[in-house]
């Protein structure tokens, strides 16, 4: 289930700052879960080049409007379908490709931010060059869900070498052409993956000045489409 290199659109905070106005769906990170290895009579799908979009957004806790946005690439992945139901899938994110967009007119600051996000204070890409999301369960939800979701998707999110299971809402549409997969906005807590910088969850930042605090929450959403491999 290999995917050509593609761009994930990404919006995130000035140093992965998180949400002051967080959306309703905050997901809990729990222990990693087993992945369904049963693929008998299953059909594999490959994400279409240029179709996927993961949006990240965040802010400093007490500095409203202090945010940044950018892109990151996906290097491979796909979906698995059995009996017309999504049963598995994964995608790998190339963390070395973190790119800032909003500072395009300030190349010096753009390079500084990108370097900081790739450093050990954030994603430590020299040690952990990729992140991964792998589906562990996909369940249909009742019609009329306020988020518009058709499914509840659980998956292992591996970041900085730490794997946690999260459950997110998703709109999954099966068509003759393939699969459309999208999520409404949801929030994860970066501290669960040991992304420490300016987080008051860690003792070394307990006395940080209020205006410098970076909230733990990161808001994101995902949009993908795929066709049969």
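Residue numbers (this note's numbering): 7 to 235.
Even for Gly, the Cβ is constructed at its ideal location relative to N, Cα and C.
Could you check which residue in 234, 165 and 208 has the C-alpha nearest to that of residue 100? 165
Does DSSP put residue 121 in a helix, in a strand, or in coil? helix
Look at residue 173 and residue 162 and say whether their C-beta atoms are less than 8 Å apart. Taking 8 Å as the cut-off, the beta carbon of residue 173 is found no closer than this to the beta carbon of residue 162.
Residue 190 and residue 154: beta carbons closer than 8 Å? Yes, these two residues count as a Cβ contact at 8 Å.
May I ask which residues mark the beginning and end of the beta strand (DSSP E) holding residue 145? Residues 136–146.
Could you tell me the alpha carbon to alpha carbon distance between residue 226 and residue 31, rounded to whole angstroms? Between the alpha carbons of residue 226 and residue 31 lies a distance of about 10 Å.
Could you tell me which of 50, 213 and 76 sits nearest to residue 84, measuring between CA atoms? 50
Going by DSSP, which residues form a beta bridge with residue 175? According to DSSP, which records beta bridges pairwise, residue 175 is partnered with 158.
Buried or exposed, going by whether 16 or more other CB atoms sit within 10 Å of the CB of residue 107? exposed
6 Å Cβ shell around residue 38 - same chain, five flanking residues per side excluded: 162, 169 and 171
Inter-stretch contact at 8 Å, needing at least 3 Cβ pairs: the region 114–121 / the region 177–197: no
Roughly how many angstroms separate the alpha carbons of residue 139 and residue 91, rounded to a whole number? 19 Å
So what's residue 216 in DSSP terms, helix, strand or just coil? Reduced to three states, the DSSP call for residue 216 is helix.
From 176, 217, 94 and 68, pick the residue whose C-alpha is nearest to that of residue 141; which is it? That would be 94, whose Cα lies nearest to the Cα of residue 141.
What are the boundary residues of the beta strand (DSSP E) that residue 111 is part of? Per DSSP, residue 111 belongs to no beta strand (DSSP E) and is neither H nor E.
For residue 157, I'd like the list of residues in its chain whose CB is within less than 8 Å of its CB, leaving aside the five on either flank, ordered along the chain. Around residue 157: 92, 144, 145, 146, 147, 175, 176, 177 and 178.
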